[in-house]
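Under my numbering, the first residue of the sequence shown carries the number 3, and numbering increases by one thereafter.
We put the CB at the ideal spot given by N, CA and C, even for glycine.
This structure is a prediction, so every number in the text was calculated from the model and none was measured.
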Amino acid sequence: MSKLVMGYWDCPICGNKEIRGDITNCPSCGRARGDVQFYVKGYQGESLRKEEMNQFEQLNDQKAQEIGSNPDWYCSFCNSLNSDNAQTCGNCGATRADSEANYFDRLKKRQEQEAAELAAQGSTPAAKPKSRLLLIIAVIVAAIVGIVVWMNSNKTAGDLKVTALNWTRVIQIEANKQYSESDWSMPQGAELVETKQEISGYREVFDHYENVQVQRSRQVYDHDEYTLKDNGNGTFTQVAHPVYRTEYYTETEKRAVTRPEPIYNTKYYYTIWRWKPEREVTASGTDHNTAWPEYTLADNEREGTRTEDYRFTVEHTKKQSAPETYRLTESDWAKINVGDQIFITAKRSGANPFISDEKGNKLMDIQKVN
Ligand SMILES: [Zn+2]
Ligand SMILES: [Zn+2]
3 MSKLVMGYWD CPICGNKEIR GDITNCPSCG RARGDVQFYV KGYQGESLRK EEMNQFEQLN
63 DQKAQEIGSN PDWYCSFCNS LNSDNAQTCG NCGATRADSE ANYFDRLKKR QEQEAAELAA
123 QGSTPAAKPK SRLLLIIAVI VAAIVGIVVW MNSNKTAGDL KVTALNWTRV IQIEANKQYS
183 ESDWSMPQGA ELVETKQEIS GYREVFDHYE NVQVQRSRQV YDHDEYTLKD NGNGTFTQVA
243 HPVYRTEYYT ETEKRAVTRP EPIYNTKYYY TIWRWKPERE VTASGTDHNT AWPEYTLADN
303 EREGTRTEDY RFTVEHTKKQ SAPETYRLTE SDWAKINVGD QIFITAKRSG ANPFISDEKG
363 NKLMDIQKVN
């Protein structure tokens with residue numbers, strides 16, 4: 003059976019449709035066909051099975067040999083296309099050797115010309131919705147930027163009155179005591195009580211082999227499918243492509259099985275004297291008379307770390323809202339008194355507050371207490 007399939011073409015001059023590929027002049031207007039686009043009726047470029055190929059007109063061997071599968075050649079002198087079998091132009095008689103282009107060269111040239119004309123027309127129809135989408139994105143971005151800028155802009159609250167001051171000073175007291183501990187090594191100053199062999203961890207060791215079933219897959223040849231290739235002379239060639247399917251099979255595999263084996267090490271049980279936080283002494287007040295707390299140490303005690311905290315509370319005089327408490331350094335706190343009218347400037351989001359003058363210029367750093 004021939005591998006050639008009949009192609010068809012439409013006359014670009016008179017519009018006559020579905021003219022057989024073995025006809026070189028339009029039966030309606032008589033013009034020689036030029037660089038027309040050949041096609042096969044009902045074929046869209048898909049892969050088809052052998053039996054599905056039978057819906058197309060197959061050329062018999064004699065006809066296939068007559069036409070061949072090589073593209074028509076293009077006569078440079080009279081612009082007509084001629085069969086590969088012809089050595090002289092059927093229209094003007096020029097020899098083939100004097101012309102170089104074939105059907106595909108002509109088609110490519112025409113398509114490039116059409117693309118260039120389309121580009122010259124300027125904006126494509128797709129450009130309009132695209133620019134509208136860009137505009138919407140630009141508006142959204144501008145809105146987000148606007149909100150962020152606004153949230154970051156400062157706002158000064160001018161109706162604040164200091165209603166309370168608070169200070170707290172804490173001293174931690176440490177005690178030296180004997181502790182019973184255990185570890186894989188003895189720290190400095192420890193007194194050994196006893197040692198024991200104990201499990202410090204596990205390692206995986208080989209135990210036995212076992213057979214496991216493993217599913218695998220491979221690609222095996224199933225059948226051929228065909229596509230049609232434009233020969234550029236009114237015929238198409240059937241091109242075979244192998245199609246594979248996935249085949250699954252199981253294989254037995256030998257696999258090592260391990261088990262956890264304990265690792266034994268020497269563990270030291272010992273007593274050790276350590277300084278650890280034992281208690282706190284606190285002093286606090288609501289005035290400026292700060293002092294560190296008084297304390298007496300037991301024989302095994304010493305002073306540990308000191309911490310201090312200074313705060314004030316303000317209330318809004320115009321706005322109905324909860325009192326706010328702020329922490330600050332002792333030197334700044336010492337300048338604030340109950341009854342003071344102050345200004346606090348912060349981002350609109352409430353971040354980074356500070357005490358300011360009424361124009362929002364910073365005077366003291368403060369930290370909001372939740
Ligand atoms: Zn025609
Ligand atoms: Zn010619």
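query                                                                                                                                                     : result
Would a C-beta distance cut-off of 9 Å place A169 and E326 closer than the cut-off?                                                                       : Just to set this straight, residue 169 is Trp in the shown sequence, not Ala. Their beta carbons are not under 9 Å apart, which means W169 does not touch E326 by this criterion.
Quick one: Cα of K278 to Cα of E332, how far?                                                                                                             : 29 Å
Between which two residues does the beta strand (DSSP E) harbouring W277 extend?                                                                          : T237 to G287
Report the residue from E255, G148, P264 and H243 whose alpha carbon sits nearest the alpha carbon of E200.                                               : P264
Is any heavy atom in ligand 2 found nearer than 8 Å to the beta carbon of G95?                                                                            : yes
Quick check: the region 131-148 against the region 239-247, are at least 3 beta-carbon pairs closer than 8 Å?                                             : no
Just to confirm the assignment: which complete alpha helix (DSSP H) runs, minimum length 4, are found wholly within the region 148-177?                   : none
List the residues that DSSP assigns as beta-bridge partners of S358.                                                                                      : F345 and K364
Using a Cβ-Cβ cutoff of less than 6 Å, which residues in the same chain neighbour G36 once the five nearest sequence positions on both sides are dropped? : none
For the region 353-363 against the region 309-324, are there 3 or more C-beta pairs whose distance is under 8 Å?                                          : no
Start and end of the alpha helix (DSSP H) containing F106?                                                                                                : Y105 to A122
On the three-state DSSP scale, how would you describe Q64?                                                                                                : helix
Helix or strand or just coil, what does DSSP make of D226?                                                                                                : strand
Can you give me the Cβ contacts of L365 inside the same chain, cut-off strictly under 7 Å, excluding the 5 residues immediately before and after it?      : I357, S358 and D359
For N394, verify whether its CB is less than 8 Å away from any heavy atom of ligand 1.                                                                    : The question about residue 394 has no answer, for the chain in this structure spans 3 to 372.
Decide if the region 286-305 is in contact with the region 170-186; the criterion is three or more beta carbon pairs, one per stretch, under 8 Å apart.   : yes
I need the boundaries of the beta strand (DSSP E) containing E326, first residue and last residue.                                                        : E326 to R329
In the DSSP assignment, what are the bridge partners of L137?                                                                                             : L137 pairs with nothing; no bridge assigned.
Pop quiz: D74 and V38 are said to be a contact at Cβ under 8 Å. What is the actual Cβ separation, rounded to whole angstroms?                             : About 10 Å separates the two Cβ atoms, so there is no contact after all.
Counting only the same chain and skipping the five closest in sequence on each side, list residues whose C-beta sits under 8 Å from that of A242.         : D226, E227 and Y228
Using the three-state DSSP reduction, which class does W75 fall into: helix, strand or coil?                                                              : strand
Within 10 Å of its beta-carbon, does M153 have 16 or more other beta-carbons around it, so buried, or fewer, so exposed?                                  : exposed
From what residue to what residue does the alpha helix (DSSP H) around E332 run?                                                                          : E332 to W335
Just how far apart, CA to CA, sit P319 and S182?                                                                                                          : The sequence given here has Thr at residue 319, not Pro. T319 and S182: Cα-Cα distance of roughly 60 Å.
Within 10 Å of its beta-carbon, does Q237 have 16 or more other beta-carbons around it, so buried, or fewer, so exposed?                                  : The sequence shown places Thr at residue 237, not Gln. Buried.
Going by DSSP in three states, Q322 sits in which element: helix, strand or coil?                                                                         : coil
So, do the region 265-284 and the region 44-61 have three or more beta carbon pairs nearer to each other than 8 Å?                                        : no
Could you check if T347 is buried or exposed, using at least 16 other CB atoms within 10 Å of its CB as the buried criterion?                             : buried
So the candidates are R205, A353 and A285; which of them puts its Cα closest to the Cα of Y266?                                                           : R205
For D311, which beta-bridge partners are listed by DSSP?                                                                                                  : T170
What separation, rounded to the nearest whole angstrom, lies between the Cα atoms of C16 and V222?                                                        : 51 Å
Can you name, in chain order, every residue of its own chain whose Cβ lies under 6 Å from the Cβ of I21, other than the five neighbours on each side?     : W11
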